[in-house]
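Engineer: Chains as they are written, first to last, in the working numbering: chain A, 57 to 395; chain B, 57 to 395.
In this text, a Cβ means the ideal position worked out from N, Cα and C, and glycines have one as well.
1. Can you give me, in chain order, the residues of the region 342 to 363 of chain B that have a beta carbon less than 8 Å from any beta carbon in chain A?
2. Tell me the DSSP secondary structure of residue 170 of chain B in three-state form.
3. I'd like to know whether the C-beta atoms of residue 60 of chain A and residue 240 of chain A end up nearer to each other than 7 Å.
4. Hey, would you say residue 215 of chain B sits closer than 7 Å to residue 188 of chain B, going by beta carbons?
5. Using a Cβ-Cβ cut-off of 7 Å, state whether residue 95 of chain B counts as contacting chain A.
6. Quick one: is residue 105 of chain B buried, meaning 16 or more other Cβ sit within 10 Å of its Cβ, or exposed?
7. If I measure Cβ to Cβ from residue 236 of chain A and keep anything under 7 Å in the same chain, skipping five residues before and after, which residues do I get?
8. Report buried or exposed for residue 377 of chain B, applying the criterion of at least 16 other Cβ atoms within 10 angstroms of its Cβ.
9. DSSP on residue 302 of chain A, reduced to helix/strand/coil?
10. What residue range is occupied by the uninterrupted alpha helix (DSSP H) comprising residue 242 of chain B?
11. Per DSSP, residue 113 of chain B is paired with what?
12. Is residue 276 of chain B near residue 263 of chain B, with beta carbons less than 7 Å apart?
13. For a test of the three-state rule: what should DSSP assign to residue 120 of chain A, helix, strand or coil?
14. Kindly give me the distance between the Cβ atoms of residue 317 of chain B and residue 337 of chain B, rounded to whole angstroms, as I take these residues to be in contact under 8 Å.
15. Reducing DSSP to helix, strand and coil, say where residue 234 of chain B ends up.
16. Contact criterion: CB-CB distance below 7 Å. Does residue 340 of chain B meet it with respect to chain A?
17. Count the other CB atoms, across all protein chains shown, that sit within 10 Å of the CB of residue 290 of chain A; report buried if there are 16 or more and exposed otherwise.
18. Cα separation between residue 391 of chain B and residue 249 of chain A?
19. Considering only the alpha carbon of each residue, which of A:354, A:265, A:384, A:251 lies closest to residue 62 of chain A?
20. In this structure, how does DSSP classify residue 388 of chain B when only helix, strand and coil are distinguished?
21. Ends of the beta strand (DSSP E) at residue 14 of chain B?
22. Please list, in chain order, the chain E residues whose beta carbon lies closer than 7 Å to that of residue 303 of chain A.
23. Compute the Euclidean distance between the alpha carbons of residue 323 of chain A and residue 75 of chain A, then round it to the nearest angstrom.
24. Under 7 Å between the Cβ atoms of residue 369 of chain B and residue 321 of chain B?
25. Here's the rule I'm using: 16 or more other beta-carbon atoms within 10 Å means buried, otherwise exposed. How should residue 328 of chain A be labelled?
26. Tell me, which residues are paired with residue 252 of chain B by DSSP?
27. What span of residues does the beta strand (DSSP E) with residue 63 of chain A cover, start to end?
28. Sort A:96, A:64, A:363, A:325 by Cα distance to residue 298 of chain B and report the nearest one.
29. Out of A:353, A:389, A:305, state which residue places its alpha-carbon closest to the alpha-carbon of residue 365 of chain A.
30. Any idea what DSSP makes of residue 199 of chain B, helix, strand or coil?
31. Between residue 115 of chain A and chain B, is there a C-beta pair that is closer than 7 Å?
32. If we ignore side chains and look at the alpha-carbon of each, how far apart do residue 116 of chain B and residue 98 of chain B end up?
33. May I ask you to verify whether the region 141 to 154 of chain A touches the region 166 to 173 of chain A, counting CB pairs closer than 8 Å and requiring at least 3?
34. Given residue 341 of chain B, which residues of its chain have a CB within under 6 Å of its CB, disregarding the five upstream and five downstream residues?
35. Quick check on the burial criterion: 16 or more other C-beta atoms within 10 angstroms. Buried or exposed for residue 285 of chain B?
36. If you follow the alpha helix (DSSP H) that residue 144 of chain A is part of, which residue opens it and which one closes it?
What follows is the structure in C-alpha cells.
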C-alpha cells in the first residue's frame with residue numbers, strides 16, 4: 057500500500073488501524089508516527105498515548121463522545137453527516153475538527169456530493185471543517201477488476217466533487233480522504249485526493265483474496281488450533297477453534313469460493329489439506345471437512361485456519377503471536393480490543 | 057432452571073458458565089460454589105480461583121492441555137471421545153478424571169451409546185472414568201414442543217443407555233450428565249440422569265425465545281448503543297453497535313422470525329420501536345430499520361439491541377453493566393474472555 061501511495065505525488069497514506077489495532081503493526085504501517093485512522097475511542101486513546109497524534113476517528117461522532125475525544129489530546133479529527141452533530145462539534149470548547157462524510161454509492165453513512173446538506177453541515181462546522189471523507193464499502197460487492205476500478209473511480213470522483221463544491225462556496229477543504237483496500241489498489245488515478253485510508257491489506261483474508269486485493273499466500277493472520285476429535289466416518293475432525301475464535305463471519309458465502317468459516321492449513325500455514333474448510337462452528341468447536349480425504353491427524357495435532365474476514369477474527373484475540381516463515385514464535389504483538 | 061431441577065429428586069444442576077463467564081453470575085446460578093461446567097481453560101482457572109472447584113471442562117481434551125488443567129487444582133473433570141486422549145489422561149500424573157462424551161444424535165462430538173468405542177475408551181480411562189456426558193445440540197434445530205420433547209428424550213435415553221452398558225461391563229459410572237437449556241426445559245422426565253448442564257437460560261436471546269426456552273421479555277442481556285446517523289429517506293438510523301459489538305451470529309435466519317442482527321428496543325429495554333431490527337452490520341456500524349416508520353431519534357439517542365445469540369454477543373464485551381428495571385446502572389459484573 058505504501059508503494060501505491062508513493063506512485064501518486066502529494067498523496068498521503070493514513071492506514072486504518074481497525075483491523076490490526078496494534079502499535080506494533082502501526083509501527084510498520086504508519087512509521088514515524090504518521091497519520092492513522094481509527095474506529096473506536098479506545099483505539100484513539102491507545103494510539104495517541106503511544107505517539108500517533110494525527111488521527112481520523114472514522115465513525116460518525118455523537119455529541120456525548122466529544123468530551124472523551126477532546127480529553128485524549130493530539131489531533132483527532134472526527135467525521136459527521138449530521139447538522140446537529142456538526143453544531144455540537146463547532147460549539148465544543150475542545151477545538152475538535154471534523155470532516156464531512158460523503159456517500160459515494162454505498163448507501164451507509166454520508167451525504168451525497170450533490171446534496172444541499174453538504175453545505176449545511178460545512179457551514180455548521182465553520183472553522184472546524186477539516187475536509188471531506190468517503191468510504192466505498194460497496195467495493196466489497198465487486199468481483200472483477202473492471203467493476204472494482206469503476207467503484208474506485210466513483211469514490212474518487214464523488215469525494216473530489218464534494219470538495220470542489222465546498223471550495224467554490226468559499227470553504228477551505230484541506231483533506232480529501234478516500235479509501236478501502238480494494239479501491240486503493242484498483243484506482244486508475246487518484247487526482248484531487250489528498251489521502252488514502254485502507255486497513256485490511258495489512259493482514260488480508262479469504263474474502264479479500266477473492267476480490268483481487270492480494271493472493272491467498274499473502275494472508276498473514278491465521279488461528280492456531282488443535283484436533284479435539286476424529287470422525288473418519290464423515291471425513292472430519294473437530295478442532296478447538298469455533299465461533300468465538302474464528303467469528304461467525306460468512307463473507308465468503310457470497311464469493312466465488314465459499315470457505316465456510318475458514319480454510320484449513322497445516323501447522324506451517326501451508327495449503328496441504330486439499331482445500332479442507334471449517335464447515336460448522338459451535339462456541340468452542342469447529343468441524344473441519346473437505347473435498348479430499350483428510351490426512352491422518354492425531355488428537356492434539358496442530359492446524360491453522362485462515363479467516364474469512366480478518367478484522368473480525370483478529371478481534372476475538374487479546375494479542376498476536378508473531379511467527380517466522382515456519383511456525384516458531386518470535387514475538388508477541390499487542391492489541392486494543394473493546395471500546 | 058433451579059426449579060426444574062428441584063422437581064427431580066437427586067438431580068443436580070451443573071450450570072454451563074460459557075455464556076456468562078462471570079463469577080457474579082455464577083454466584084446466582086451455582087450458589088455456595090456448586091458444580092459448574094466450563095468451555096475454556098481460562099474459565100476453569102478463573103472459576104477455580106474464585107472457589108468453584110467442582111467443574112466439568114466440557115470440550116474434548118487434548119494431551120497437551122493436561123498439565124495446564126492439572127495445575128489449576130480443584131476437581132476439574134474432562135471429557136473425551138478418543139482412546140488416545142483417554143490413555144493420556146490415565147497416564148497423566150495429575151490424577152485428572154474424565155467422562156466419556158456420548159453422541160445422542162447431534163453428530164458433533166461423542167461416541168454412540170451402542171458403540172464398541174464406548175468400552176475401549178472407558179477401559180483406557182480405567183479408574184479415571186468419572187461418568188458419561190451428552191449434549192443434544194440438535195435441539196436447536198427443533199421448532200415446536202413435541203420435537204423438543206423428543207430430542208430431550210433421545211438425549212436422556214442415549215446417555216442413560218451408555219451408562220447402563222458400562223455398568224453392566226463392570227465400570228463405575230457416578231455421573232450421567234445431559235443438558236442444553238431447551239432439552240432441560242422440555243424433558244418429560246429425567247430418569248437415570250444425575251445432572252443437568254444448561255447455560256444460555258441465564259441471559260436468553262432471540263433464538264431461544266423462538267424455540268420456547270423463555271419469552272422475549274426474559275432476555276436479560278442487551279447492547280446499549282447510540283444513534284450515529286439518521287437516514288429518514290430509507291427509514292433507517294445508523295448505530296454504533298456493529299459486527300464487533302453484536303457478533304455476526306445470524307441464528308434467527310433459520311427461525312420463524314428473522315431479527316437480522318438483533319431486535320431494537322428503546323433505552324429502557326422496551327419493544328416500542330415497532331419491531332425494528334439491525335438489518336446490516338459493518339465493523340462498528342449497525343443499520344436499524346423496520347416494518348413501521350422509526351420514531352424521530354436525535355443524534356446520540358440511546359437504544360438497546362437484544363441479541364440473536366447471547367453467548368457470542370456477551371463474548372464481545374469486557375464486562376457487564378448491571379441495570380435495574382429502567383436503565384440506571386447499579387453495578388459492574390466481571391467476565392473472563394479469551395482462552
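Structural biologist: In short:
1. Listed in chain order, the positions of the region 342 to 363 of chain B with a beta carbon within less than 8 Å of a beta carbon of chain A are 343, 354, 355, 356.
2. The DSSP-derived three-state label of residue 170 of chain B is coil.
3. Yes, the pair counts as a contact, with Cβ atoms nearer than the cut-off.
4. Yes; because the gap between Cβ atoms is below 7 Å, this pair is in contact.
5. Yes - at least one Cβ of chain A is within 7 Å of the one on residue 95 of chain B.
6. By the C-beta density criterion, residue 105 of chain B is exposed, having fewer than 16 other C-beta atoms within 10 angstroms.
7. If we look at residue 236 of chain A and ignore the five residues flanking it on each side, its Cβ neighbours are 191, 192, 193, 195, 254.
8. With a 10 Å radius around the Cβ and a threshold of 16 neighbouring Cβ atoms, residue 377 of chain B comes out exposed.
9. Of the three classes helix, strand and coil, the one that applies to residue 302 of chain A here is helix, per DSSP.
10. Residue range 237 to 242 is occupied by the alpha helix (DSSP H) that includes residue 242 of chain B.
11. DSSP, once it has assigned bridges, lists B:94 as partnering residue 113 of chain B.
12. Here residue 276 of chain B is not near residue 263 of chain B, since their CB atoms are 7 Å or more apart.
13. Helix, per DSSP.
14. Right, their Cβ atoms sit about 5 Å apart.
15. Per DSSP, reduced to three states, the secondary structure at residue 234 of chain B is strand.
16. Yes, residue 340 of chain B counts as interfacial toward chain A.
17. When all chains shown are included, residue 290 of chain A counts as exposed.
18. Near 45 Å, if we compare the C-alpha coordinates of residue 249 of chain A and residue 391 of chain B.
19. Taking residue 62 of chain A as reference, the option from A:354, A:265, A:384, A:251 with the minimal CA-CA separation is A:251.
20. Reduced to three states, the DSSP call for residue 388 of chain B is strand.
21. With chain B represented from 57 up to 395, any question about residue 14 of chain B goes unanswered, as that position is not in the structure.
22. Looking at the structure shown, chain E is missing, and the protein chains on hand are A and B.
23. Rounded to whole angstroms, residue 323 of chain A to residue 75 of chain A spans 24 Å at the Cα level.
24. Result no, Cβ atoms of residue 369 of chain B and residue 321 of chain B do not sit closer than 7 Å.
25. Flag for residue 328 of chain A reads exposed.
26. Per DSSP, B:69, B:234.
27. Counting along the chain, residue 63 of chain A falls outside any beta strand (DSSP E), and DSSP gives it neither H nor E.
28. The shortest Cα separation from residue 298 of chain B among A:96, A:64, A:363, A:325 belongs to A:96.
29. Considering only A:353, A:389, A:305, the residue with the shortest C-alpha distance to residue 365 of chain A is A:305.
30. Note: residue 199 of chain B maps to coil in three-state DSSP.
31. With 7 Å as the cut-off, residue 115 of chain A counts as an interface residue toward chain B.
32. Here the C-alpha atom of residue 116 of chain B lies approximately 15 Å from the C-alpha atom of residue 98 of chain B.
33. With contact defined as three or more Cβ pairs closer than 8 Å, the region 141 to 154 of chain A and the region 166 to 173 of chain A are not in contact.
34. Cβ within range, chain order: 294, 298.
35. With 16 or more other Cβ atoms within 10 Å, it is buried.
36. According to the DSSP assignment, residue 144 of chain A belongs to the alpha helix (DSSP H) that extends over 139 to 147.
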